[in-house]
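Protein sequence lines correspond, in order, to chains Z and V.
Quick note: numbering that gives the first Met the number 0 has the first sequence finishing at residue 81, numbered continuously throughout.
Quick note: numbering that gives the first Met the number 0 has the second sequence finishing at residue 126, numbered continuously throughout.
In this text, a Cβ means the ideal position worked out from N, Cα and C, and glycines have one as well.
Treat the numbers as computed from the prediction; the structure is a model and nothing was measured.
To start, the structure under review is shown below, and the notes come after it.
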Amino acid sequence: MKATEVLHQRGQSLWLDNVTSGLLDDGAIQKFIDSYSVTGLTSNPSIFDKAIGSGGYDDAIRAEAAKGLSGEKLFFALAGSW
Amino acid sequence: MNSDRFQRLENQGARTQRLLWASTKTKDPEASDTLYVHGLAAPFTINTMPDDTLEAFYDHGEVGEPLPEDGGDVDARLARFTQAAVDLSALAARLQRDGASSFVNDWNDLLARIGTQASSLTGVPGA
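Take a look at the structure:
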């Protein structure tokens, strides 16, 4: 049994801490669930900063900005957009 | 959590709040890439890590003894730092302050980034 599965069996939850929308879109997340016993996902402002800077949220930004959202409200709309 | 009081709450559907070890990637390039995942193994906790750390632990990680519930030899270990003239309270306060300030900076950077990106996409300054 792989070490990741042993931890899971012993009651520790393993979460991936740099979730991106791409990971969900291309199905790569399934590998983390099936092979690495991942049961949760989390993110942080720094990861969002990079993802937004690389253009990953451009479509969502256009859509939400067109609704008049900016600043924190725009961020929370983006963060919930996948 | 083993108390009668908590067991009664659990019967009512209460859920135990779990401790979360956040971002346990090894920071020191000289150290094992599974150092913290190995060392922080404990039931009823969460361990968050990036994909390379997860892959490293999957590939060659080893699960040892879980963290002792009573903290094990933690007091003796901390006493050795104190003997070596490390001011534990001051160090802990500084770590907490630095950590919080780093998150505040990241948050402000993120909001600035969103403003810049929105402006360049919509052509509206300060959008």
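Per-residue contacts from residue i into chain V (C-beta, under 9 Å)
i        : result
ASP25(Z) : Under the 9 Å cutoff, chain V gives no residues; its nearest Cβ is about 13 Å from ASP25(Z).
Classification of residue i by the beta-carbon crowding that lies within 10 angstroms, buried from 16 upward
i        : result
LYS66(Z) : exposed
ASP33(Z) : exposed
ASP16(Z) : buried
ALA83(V) : exposed
SER88(V) : exposed
THR3(Z)  : buried
GLY70(Z) : exposed
Where residue i meets chain V, residues with beta-carbon distance less than 8 Å
i        : result
ALA64(Z) : ALA117, LEU120, THR121, VAL123 and ALA126
Proximity test, Cβ basis, 7 Å: residue i and chain Z
i         : result
ALA40(V)  : yes
TYR57(V)  : yes
VAL103(V) : no
GLY98(V)  : no
MET48(V)  : yes
THR44(V)  : yes
SER31(V)  : no
Residue-level contact to chain V via CB, residue i, 7 Å cutoff
i        : result
GLY10(Z) : yes
SER45(Z) : yes
Listed by chain order, chain V residues near residue i by CB distance under 7 Å
i        : result
THR19(Z) : What THR19(Z) touches in chain V: nothing, since even the nearest Cβ is about 10 Å away.
ALA75(Z) : Going by the sequence as given, residue 75(Z) is Phe instead of Ala. In chain order: nothing, as chain V lies at least about 11 Å away.
ILE60(Z) : GLN116, ALA117 and LEU120
ARG51(Z) : According to the sequence provided, residue 51(Z) is Ile. The question's Arg does not apply to it. Within chain V, the residues near ILE51(Z) are ARG112, ILE113 and GLN116.
Spatial distance of residue i from residue j (CA atoms)
i        : j         : result
ALA99(V) : ARG17(V)  : 21 Å
ALA75(V) : ASP58(Z)  : 56 Å
ALA41(V) : LEU110(V) : 36 Å
LEU34(V) : LEU120(V) : 43 Å
ALA78(Z) : PHE47(Z)  : 8 Å
Whether residue i touches residue j by CB criterion (7 Å)
i        : j        : result
THR44(V) : SER22(V) : no
ILE51(Z) : GLN95(V) : no
VAL62(V) : LEU6(Z)  : yes
Under 9 Å from the C-beta of residue i: neighbouring residues of chain Z
i        : result
GLY60(V) : LYS1, ALA2, THR3, VAL5 and LEU6
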